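Numbering (the numbering used here), first residue to last: 2 to 186. A quick write-up on the structure given underneath.
As structure tokens, then:
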């Protein structure tokens with residue numbers, strides 16, 4: 002929750018992500034059902050979802066063992082700066098995470114979000130990608146917190162965590178006070 006205060010009087014309390022631009026970092030092979038749930042969550046919050054990927058054009062989800070639908074890419078990782086977004090989401094999916102792990106621009110962007118203490122949501126096995134990029138993040142400690150865990154403004158959610166729980170925690174993370182909102186990458 003973000004309070005806007007003037008002369009000691011609270012004028013407005015922000016409780017949604019309305020107007021915020023959230024990047025979702027994916028490569029072909031992300032879990033499509035999870036992606037759709039994230040889309041619905043952000044639409045319900047009136048946030049803007051922008052797909053960032055190492056490939057231009059279309060990126061493909063995965064449903065089980067088969068490729069799923071194609072989704073348009075809004076920005077290439079090589080042209081993306083963390084400062085252009087208010088938050089970052091990395092969904093689960095083994096295939097897409099193995100591609101992102103080898104992508105230098107993915108590492109650069111993730112490092113910038115973490116360094117600047119900007120909101121980041123990682124789901125399930127995406128936590129491994131984060132802990133490989135930043136060794137100060139202990140995945141075991143986050144996972145031991147339950148179905149969600151926090152480290153500063155990094156939020157981890159286990160596979161199967163209810164989207165209502167993820168929404169509540171991510172909105173709280175995004176709206177939590179951060180005295181320095183600048184970022185660079």
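All C-beta atoms in this analysis are idealised placements derived from N, C-alpha and C, irrespective of residue type, glycine included. These figures come from a predicted structure and were not determined experimentally.
Rounded to the nearest whole angstrom, the C-alpha separation of residue 38 and residue 114 is 23 Å. Cβ neighbours of residue 100 within its own chain (closer than 8 Å, five residues either side excluded): 28, 29, 30 and 55.
If you draw a straight line from the Cα of residue 152 to the Cα of residue 40, it is about 24 Å long. For residue 109, the uninterrupted alpha helix (DSSP H) segment begins and ends at 105-116.
Residue ranges of uninterrupted beta strand (DSSP E) with 3 or more members, entirely inside the stretch 25-69 and ordered along the chain, are 49-54 and 59-64. Residue 72 and residue 22 have their C-alpha atoms some 18 Å from each other.
Rounded to whole angstroms, residue 110 and residue 103 show a C-alpha spacing of 13 Å.
Ranking 132, 116 and 117 by CA distance to the CA of residue 123 puts 132 first. The DSSP-derived three-state label of residue 166 is helix. Counting of Cβ neighbours within 10 angstroms places residue 59 among the exposed residues, the total staying below 16.
Residue pairing of residue 71 in beta bridges, as defined by DSSP: 61.
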